[in-house]
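Participant:
Residue numbers (my numbering): 2 to 151.
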């Protein structure tokens with residue numbers, strides 16, 4: 002029998018991905034601030050270009066705030082908690098994909114296993130929510146069977 006995917010390692014990998022995302026947003030925001038508010042603007046620059054950069058900056062700041070909020074949420078998850086149904090903090094192993102219910106994240110790989118972080122707002126979560134090991138569900142014309150859940 003295949004060994005269970007270590008939920009603690011998955012959580013740590015998700016936190017690392019989230020930290021990378023936050024650093025990326027912070028870096029991009031810093032660049033945009035320098036560019037948008039630079040004092041040495043050429044006469045050819047228009048008000049519209051500056052406004053577009055400020056709008057883009059605001060959007061990145063909103064994304065950064067959301068990423069930080071998700072990081073705070075990740076830090077509340079107890080990776081040693083035993084889950085018996087598809088709910089926040091659960092590892093859901095199916096016949097097709099492996100899911101960690103927490104926040105949406107890029108796939109992470111742990112000891113050769115690929116895991117996708119999904120949030121409770123993800124459409125696929127709405128069809129698996131509350132299901133237990135052995136249950137089946139369909140999403141995007143794919144039939145899933147929950148092989149393990151913890």
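C-beta: ideal position from N, C-alpha, C; glycine also.
Relative to the C-alpha of residue 102, which candidate in 112, 96, 116 has its C-alpha closest?
Facilitator: As a first step, residue 102 is located in the chain shown; it is residue number 101 there, counting from the start. Of 112, 96, 116, the residue nearest in Cα terms is 116.
Participant: In chain order, what residues of the same chain have a beta carbon less than 7 Å from the beta carbon of residue 22, not counting five sequence neighbours either side?
Facilitator: Residue mapping note: residue 22 aligns to position 21 of the chain shown, counting from 1. Same-chain partners within the cutoff: 68.
Participant: Is the beta carbon of residue 126 less than 8 Å from the beta carbon of residue 83?
Facilitator: Counting from one through the chain shown, the residue named residue 126 turns up at place 125. Counting from one through the chain shown, the residue named residue 83 turns up at place 82. Contact: no.
Participant: Going by alpha carbons, who is nearest to residue 88 out of 104, 76, 97?
Facilitator: The sequence position of residue 88 within the chain shown is 87, counting from 1. Looking at the Cα atoms, 104 is the closest of the given residues.
Participant: CB-CB under 8 Å to residue 121, same chain, minus the five flanking residues each way: which ones, in chain order?
Facilitator: As a working note, residue 121 is residue 120 in the chain shown. Result list for residue 121: 89, 102, 130, in chain order.
Participant: Look up residue 103 in the DSSP assignment and say whether it is helix, strand or coil.
Facilitator: As a working note, residue 103 is residue 102 in the chain shown. In this structure, residue 103 counts as strand in the three-state DSSP scheme.
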